[in-house]
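Residue numbers (this note's numbering): 118 to 783.
By construction, the Cβ of each residue, glycine as well, lies at the ideal position given by its N, Cα and C atoms.
Treat the numbers as computed from the prediction; the structure is a model and nothing was measured.
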Ligand code: SF4
């Protein structure tokens with residue numbers, strides 16, 4: 118195994134043990150299973166059955182149902198019987214937090230039980246306690262005593278189990294020793310896994326979820342390494358990004374986290390957590406899985422002998438600073454206008470610049486592109502000062518005024534080119550081309566060169582990553598813009614493709630910018646899981662939004678407010694979709710502020726991860742507001758909770774009045 122997966126240059130699934138969940142086999146090279154979780158009240162048997170059926174008919178191969186206490190665990194029997202009576206035999210999973218008693222009941226009824234090692238035995242007090250080794254070992258013994266009965270029941274009934282760690286709900290014990298870290302998440306699961314193995318129980322799946330894709334990806338990689346080192350085998354992995362939110366941001370965040378791991382053959386089942394009805398999660402899961410169904414290993418990417426970076430921690434690749442790219446600059450966004458017939462000032466609205474003719478000023482939004490690729494065209498108006506055009510080298514040679522343009526060379530065009538820019542030259546490099554490494558080696562000392570890396574290889578992410586590793590091994594510090602093209606015919610699949618391909622590289626610190634390309638005439642399905650998209654946003658706007666959302670989800674460039682909202686479940690105390698939309702409508706301009714919207718106070722505060730503020734359901738019609746982990750306003754009437762949240766944002770000095778944008782004279 119190469120550090121955390123079979124190969125970094127050849128697609129192949131990570132070998133794992135096989136787990137049996139009812140009649141469903143998981144892991145050990147079985148197809149990647151898709152699953153979701155109901156949002157109904159578990160005591161409402163009919164509503165839960167009907168929602169489960171909608172999920173199953175959409176393609177869910179496992180359905181998870183929350184069981185917060187014994188009575189819900191018992192009602193799983195009625196739900197299961199009714200589903201079976203109606204002819205549905207999909208395995209059910211009980212979701213347990215805090216209540217071993219409920220788990221022990223559910224394990225006798227349903228095919229799988231999910232426990233959270235952060236709260237199965239421990240009640241979280243958010244206390245920082247120093248544990249001596251003896252005290253720590255006593256705690257482990259307490260886990261053994263409390264957890265072993267469940268393991269024995271699962272063994273007896275043939276029930277599977279997921280040990281599902283969440284970044285936001287690590288126990289005080291883990292927090293005190295490892296902190297809020299990926300390695301802490303791994304150890305949290307390992308404490309329970311070791312107990313299960315001691316009982317010779319292996320029908321286990323593991324997960325390492327976080328709302329931060331960087332943390333999530335590192336934790337899964339570390340877990341694989343740890344299992345391999347300690348047991349010589351890996352248990353199947355359930356992938357997911359928690360509290361991803363809704364709409365395109367939720368899909369992008371999930372696709373970055375889950376897609377990054379799937380690209381390396383990691384993951385045996387996936388759930389995309391969206392703050393939407395659970396059946397809408399399934400098409401996203403299927404689109405993600407589809408990318409790997411036909412994927413075969415290919416030996417055409419040279420193997421790597423030495424990894425020039427750590428895949429277990431985020432560190433941005435060191436690159437030369439060139440203009441506003443590379444070095445410590447945030448990654449740039451290049452808008453692709455190659456296929457546009459003409460380019461007018463109003464076309465720039467889609468990429469964050471709106472021109473006001475009366476005042477002769479440009480309004481510049483937070484998500485305004487940095488470069489504009491025009492191909493063979495030029496622009497007959499002055500661009501706003503924060504935007505530069507990039508055109509093909511041949512076109513650039515024809516220009517009288519070159520100040521606003523950067524030339525783009527195709528690979529081998531650069532060497533023989535007579536005239537180049539003295540300051541900045543973009544070179545498009547197909548990383549699948551064998552001559553690309555020799556080309557960049559020849560340019561080693563040319564401090565005007567920036568590389569736009571893309572790949573014609575069918576496994577393009579692996580190919581681009583291999584090339585960037587070569588740059589690192591050779592200490593070639595050219596800034597790199599990641600070029601990703603999608604030929605998919607649906608917006609959903611394009612979203613996933615861009616997110617997985619670019620996200621996987623950004624999470625490993627590779628990439629000083631992104632350049633997303635598509636052909637809008639090929640898109641026949643403009644829906645994002647049932648909702649129209651291109652009817653309200655044009656293709657440029659779509660690509661620009663996706664670019665900034667990918668950078669934000671990868672935590673490499675923050676350009677907007679971030680929402681961490683739970684997917685809702687039977688515990689939810691308000692309409693999460695409607696509440697998230699209301700909060701978003703008044704706070705969307707608070708760049709960089711992270712707001713969590715959580716359905717219940719039982720798990721919500723623990724799952725908010727690193728949110729700056731929390732809006733948490735704490736009773737029927739009641740909301741509790743948090744600043745970080747601190748309760749600031751308790752049991753606020755939900756009718757005034759939004760105003761109270763705004764007040765809290767003002768008191769915390771993060772509120773700004775909404776203004777459209779920055780003004781700049783053209
Ligand atoms: S935080 Fe949301 S998804 Fe999690 S248990 Fe509470 S209501 Fe359910």
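Where residue 313 is concerned, the enclosing alpha helix (DSSP H) starts and stops at 299 to 315.
For residue 570, the secondary structure class from DSSP, reduced to helix, strand or coil, is strand. Of all alpha-carbon atoms in 599, 569, 288, the one lying nearest the alpha-carbon of residue 257 is that of 288.
Residue 405 sits close to residue 371, with the two beta carbons spaced by under 9 Å. In the displayed model, residue 743 falls within a strand according to three-state DSSP.
With a threshold of 8 Å, the Cβ atom of residue 376 does not count as near the ligand SF4, since no heavy atom of the ligand is closer than that. For residue 602, the pairing in a beta bridge is given by DSSP as 634. Listed in chain order, the non-local C-beta contacts of residue 348 below 8 Å within the same chain comprise 314, local neighbours out to five positions each way being set aside.
Annotated as distal: residue 164 and residue 373, with beta-carbon spacing of 9 Å or more. For the ligand SF4, the residues with a Cβ under 5 Å from any of its heavy atoms are, in chain order, 683, 686, 688, 689, 715, 716, 717, 720, 721.
Excluding sequence positions up to five before and after residue 352, its CB lies within less than 8 Å of the CB of 133, 134, 136, 144, 310, 319, 321, 322, 323, 344, all in the same chain and listed in chain order. The beta-bridge partner set that DSSP reports for residue 472 consists of 479. As summarised for the segment 147 to 175, the continuous alpha helix (DSSP H) elements at least 4 residues long and confined to that stretch are 162 to 175, given in chain order. Uninterrupted alpha helix (DSSP H) stretches at least 4 residues long and entirely within the segment 341 to 428 occur at 364 to 380, 398 to 410, given in chain order. Between the beta-carbon of residue 307 and that of residue 284 there is about 15 Å, and that puts the pair past the 8 Å contact cut.
A straight-line Cα-Cα distance of about 43 Å links residue 465 and residue 750. Residue 121 is positioned such that its CB atom lies closer than 9 Å to that of residue 339.
Using a 10 angstroms sphere on the CB of residue 366, the tally of other CB atoms reaches 16 or more, which defines it as buried.
In the DSSP annotation of this structure, residue 461 is not part of any alpha helix (DSSP H), being labelled neither H nor E. For residue 175, same chain residues with a beta-carbon under 6 Å away, outside a window of 5 residues either side, are 396, 399 in chain order. The beta carbons of residue 686 and residue 155 sit closer together than 9 Å. Beta-bridge analysis with DSSP links residue 431 to no other residue.
Taking every protein chain shown into account, the CB of residue 499 has fewer than 16 other CB atoms within 10 angstroms, so this residue is exposed. Straight across, the Cα-Cα distance linking residue 635 with residue 496 is about 21 Å. When C-alpha distances from residue 477 are compared across 294, 462, 138, 559, the shortest belongs to 462.
When secondary structure is reduced to three states using DSSP, residue 576 falls in the coil class, being assigned neither helix nor strand. Cα atoms of residue 625 and residue 570: separation of roughly 16 Å, rounded to the nearest angstrom. Residue 468 sits away from residue 440, with the two beta carbons spaced by 9 Å or more. Looking at 682, 741, 402, the one whose alpha-carbon comes closest to that of residue 152 is 402.
Around residue 675, the same chain offers 669, 708, 709 as residues with beta carbons nearer than 7 Å, after the five sequence neighbours per side are excluded. Going by C-alpha positions, residue 261 is about 10 Å away from residue 316. When DSSP states are grouped into helix, strand and coil, residue 437 belongs to the coil group. Counted as a single uninterrupted DSSP element, the stretch harbouring residue 279 is not any alpha helix (DSSP H) but the beta strand (DSSP E) occupying residues 277 to 283.
Secondary-structure assignment with DSSP links residue 179 through a beta bridge to 152.
For the pair residue 765 and residue 730, the CB atoms are nearer than the 9 Å cut-off.
Judged by DSSP secondary structure, residue 717 falls outside any alpha helix (DSSP H); it is assigned neither H nor E.
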